[in-house]
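*Asks:* When we follow the numbering used here, the leftmost residue of the sequence shown carries the number 5, and every step to the right adds one.
No residue lacks a Cβ here, since even glycine has one placed at the ideal position from N, Cα and C.
Since the model is a prediction, treat every value here as computed from it, not as a measurement.
Structure below; questions to follow.
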Amino acid sequence: MTDEKLDQILKQALAPEISDREIQVHRRRKDKMKFGAIGKAAAVAAAAVVVGIGGLGYFNPVLAAKIPLIGRIFEKVEDDVIYSGDYTDKGIVLTNENQAGSLDTLDYSVSDSGITLTASEVYCDGYSIFLTVNIEAEDADFTHIPKHYTGMNISENREAAGFYIDGTWSVNGSSPEYLENRFEGEVIDSHTFAGMLKINLAERVSGSGELNLNVSGLGYDDDRLSDSEEISASHWTDGSWNMVLPFEVNGTDVKMIEVGEKNGDIVLDNVVVSPYQVIVHTTTPGKQRELTDDRREKLLSKDPDLTDAEMLEILGGSYEPCFTICFNQDGEQLYPDMEVAGRAGFAVQGKEIKTLHIFIFDNFDDCIRMEEEGINSGAADKAVIAKEICVE
Numbered sequence: 005m006t007d008e009k010l011d012q013i014l015k016q017a018l019a020p021e022i023s024d025r026e027i028q029v030h031r032r033r034k035d036k037m038k039f040g041a042i043g044k045a046a047a048v049a050a051a052a053v054v055v056g057i058g059g060l061g062y063f064n065p066v067l068a069a070k071i072p073l074i075g076r077i078f079e080k081v082e083d084d085v086i087y088s089g090d091y092t093d094k095g096i097v098l099t100n101e102n103q104a105g106s107l108d109t110l111d112y113s114v115s116d117s118g119i120t121l122t123a124s125e126v127y128c129d130g131y132s133i134f135l136t137v138n139i140e141a142e143d144a145d146f147t148h149i150p151k152h153y154t155g156m157n158i159s160e161n162r163e164a165a166g167f168y169i170d171g172t173w174s175v176n177g178s179s180p181e182y183l184e185n186r187f188e189g190e191v192i193d194s195h196t197f198a199g200m201l202k203i204n205l206a207e208r209v210s211g212s213g214e215l216n217l218n219v220s221g222l223g224y225d226d227d228r229l230s231d232s233e234e235i236s237a238s239h240w241t242d243g244s245w246n247m248v249l250p251f252e253v254n255g256t257d258v259k260m261i262e263v264g265e266k267n268g269d270i271v272l273d274n275v276v277v278s279p280y281q282v283i284v285h286t287t288t289p290g291k292q293r294e295l296t297d298d299r300r301e302k303l304l305s306k307d308p309d310l311t312d313a314e315m316l317e318i319l320g321g322s323y324e325p326c327f328t329i330c331f332n333q334d335g336e337q338l339y340p341d342m343e344v345a346g347r348a349g350f351a352v353q354g355k356e357i358k359t360l361h362i363f364i365f366d367n368f369d370d371c372i373r374m375e376e377e378g379i380n381s382g383a384a385d386k387a388v389i390a391k392e393i394c395v396e
């Protein structure tokens, strides 16, 4: 889903009570995944041709397709995606591929509208599901998908290509929820994209379970187009790619730290630290979104089967989000995901996490100032809650 499409849906669904600042919050989070300049993307693509063996040992995108990839996509993309890290021995392999390109199972591979989606591996820390996939399309040319920055700073030189996805997901028979993120990964060749999708669970799960993934659309951008409206999701295919994928929660190196810090109506409930993410759970004040007849009609026009509870959830739930920033013991800011009411997520990206410094604001401008100035910013004094948490 494009930024413009997201803004339009938000304005239509939440108007008139949603403010321009709320829209800006969503854009701020998504802007961190914006594409780099076309010239830079082209340079990266050209450099890939001459890079020596690395990762899975690919010399260039053409040779890449001749080497088994499915079953090893974590290994291929783990250094460049936003939620990066070493996934070795963490996930479950759903589908393997041999030297001839044959799959050991077809249970997790589905084709429609000329596109084949194959689930490769899955990892779950109890709070999110990380799924790797292989996307193949014979009539496509993926080599012009631009890359976007995935680090806190451009100087980190970390980039990944993006692949849009529309549809819903559910776990263990729960109510379907809309897919919010997109596949991040690497273009392997003209017809092959390998990527990872992160799904944030509404509630913590344990043990084993099943992810019901119902994909209704796939698309990608094209760096050959100059107009921003044309570039964004310029290649889009509607279809039906539905899979039921087993997963097991891997609690290794996952910690949940109870906090209970309170200031007025805002509470820092707890913090979760896993190998790839930090999640700050809060209780925040706010006004109940009203489900007016106009809003109900607009939402039902998109999905006539929505219940009132589901529509209120789409409207943002009962409470407004705060604005949260997180640093480690070295003053390194953690990469923020889109913050929603009650949950702020951050990518670890290989950083050492011994101590966390968490700042929660009720003012957007103060949050932005601290984000720009760093942990020693004077804006820290404006935080509603400022908490140092020992992880080790």
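#1: Compute the minimum distance between the beta carbon of Asp341 and the heavy atoms of the ligand HEM, and state whether it is under 7 Å.
#2: Can you check which of these residues, Asn102, Gln103, Ile389, is closest to Glu265 by C-alpha distance?
#3: For Leu60, which of helix, strand or coil comes out of DSSP?
#4: Which whole runs of the alpha helix (DSSP H) in the stretch 316-390 are 4 residues long or more, in chain order?
#5: Please list, in chain order, all residues of the same chain as Tyr112 whose beta carbon is under 7 Å from its beta carbon, the five residues on each side excluded.
#6: Within 10 angstroms of the Cβ of Glu163, are there 16 or more other Cβ atoms? Answer buried if so, exposed if not.
#7: Looking at C-alpha atoms only, which residue of Asn138, Tyr127, Asp341, Gly75 is the closest neighbour of Gly199?
#8: Round the Cβ separation of Ala144 and Ser194 to the nearest angstrom and send it over; I've been treating them as touching at under 8 Å.
#9: Can you have a look at Asn161 and say buried or exposed, based on whether 16 or more other CB atoms are within 10 angstroms of its CB?
#10: Using only CA atoms, which one of Lys391, Glu188, Glu396 lies nearest to Val258?
#11: In the DSSP assignment, what residue or residues form a beta bridge with Met156?
#12: State the CB to CB distance for the pair Ser244 and Asp116, rounded to an integer number of angstroms; the pair is presumed to be in contact (CB under 8 Å).
#13: On the three-state DSSP scale, how would you describe Glu79?
#14: Just the Cα atoms here: how many angstroms apart are Glu376 and Met260?
#15: Does Asp226 come out as helix, strand or coil in the three-state DSSP assignment?
#16: Between Asp84, Ile71, Val271, which has its C-alpha nearest Tyr280's C-alpha?
#17: In this structure, what does DSSP give as the bridge partners for Tyr127?
#18: Assign Gln353 to buried or exposed, taking buried as 16 or more other Cβ atoms, counted over all protein chains shown, within 10 Å of its Cβ.
#19: Where Glu356 and Ala345 are concerned, what is the direct C-alpha to C-alpha distance, given to the nearest angstrom?
#20: Given Asn102, which residues of its chain have a CB within under 8 Å of its CB, disregarding the five upstream and five downstream residues?
#21: Out of Leu217, Thr154, His148, which one is the CA nearest neighbour of Pro180?
#22: Answer yes or no: do Phe251 and Val126 have a C-beta to C-beta separation smaller than 8 Å?
#23: Roughly how many angstroms lie between the CA atoms of Lys202 and Glu188, to the nearest whole one?
#24: Taking the C-alpha atoms as reference points, what is the distance between Gly211 and Phe134?
#25: Taking 8 Å as the CB-CB cut-off, is Arg228 touching chain D?
#26: By how many angstroms is the C-alpha of His239 removed from the C-alpha of Gly177?
#27: Let me know if Lys94 comes out buried or exposed under the rule of 16 or more other beta-carbons within 10 Å of its beta-carbon.
*Replies:* For this structure:
#1: Within the structure as shown, the ligand HEM is missing, as the structure has no ligands at all.
#2: Ile389
#3: With a pLDDT of 45 at Leu60, under the threshold of 50, the predicted position of this residue should be treated as unreliable, and no value is reported.
#4: 368-377
#5: Leu98, Thr99, Thr122, Ala123, Met247, Leu249
#6: buried
#7: Asn138
#8: 7 Å
#9: exposed
#10: Glu396
#11: Answer by DSSP bridge pairing: none, since Met156 is not bridged.
#12: 5 Å
#13: helix
#14: 29 Å
#15: coil
#16: Asp84
#17: Phe134
#18: buried
#19: 27 Å
#20: Pro72, Asp108
#21: Leu217
#22: yes
#23: 9 Å
#24: 16 Å
#25: The structure shown contains no chain D; it is built from a single protein chain.
#26: 32 Å
#27: buried
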